[in-house]
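Reminder that position 115 of the sequence shown reads as 296 in the numbering used here, one-by-one numbering, no gaps.
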Amino acid sequence: MVKSLLCGTALAVLAAGATFAETPAHTFKVVGTWGNLASWQDLEQPFWSEKLPAASGGKLAGDAIPITEAGLKGNEVMRLLNLGVFEVAHGLGSYVAAENPAIEGVDLSSIAPDFAT
């Protein structure tokens, strides 16, 4: 059983590697949170500029700018994302929810008075 599992895992890894080798290079258009926040400085910006390119062998990267540098508001980011100007957007739910009410659904759990409700 363990031998079969290991063989299956090895085959999956090899197949994924072959598929990834055929992946064309792509740079994602990304807008992040505010440039002065730790989430941008410590997570978003390093991911798109350093970690993703390193993990993909340089095939994938992100042309990422913070929302403050782009001069945009949350609702504008969602509109531009829907229009395809950006492929990825990082944001705070409460800031971007005006354009997509489904995002506000995350808050619904906080209005329940108890677990059964």
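The C-beta atom is built at its ideal place from N, Cα and C for all residues, glycine as well.
For residue i, count the other beta carbons within 10 Å of its own beta carbon; 16 or more makes it buried, fewer makes it exposed. Which is it?
i	result
M203	Looking at the sequence provided, one finds Glu at residue 203 rather than Met. Exposed: under 16 other Cβ atoms inside 10 Å.
G255	buried
P227	exposed
E250	exposed
P205	exposed
CA-CA distance, residue i and residue j?
i	j	result
S230	A297	45 Å
E268	A293	34 Å
I284	S290	13 Å
G265	N281	15 Å
S275	L262	17 Å
How close, in whole Å, do the beta carbons of residue i and residue j come, if the pair is a contact with beta carbons under 8 Å?
i	j	result
G272	V287	Contact flag wrong, Cβ pair sits at about 12 Å.
When DSSP labels each residue in this structure, what does residue i get in the three-state scheme?
i	result
G243	strand
T249	helix
K232	helix
V266	coil
Legend entry - Cβ contact check for the stretch 203-213 and the stretch 242-252: 3 or more pairs under 8 Å: yes
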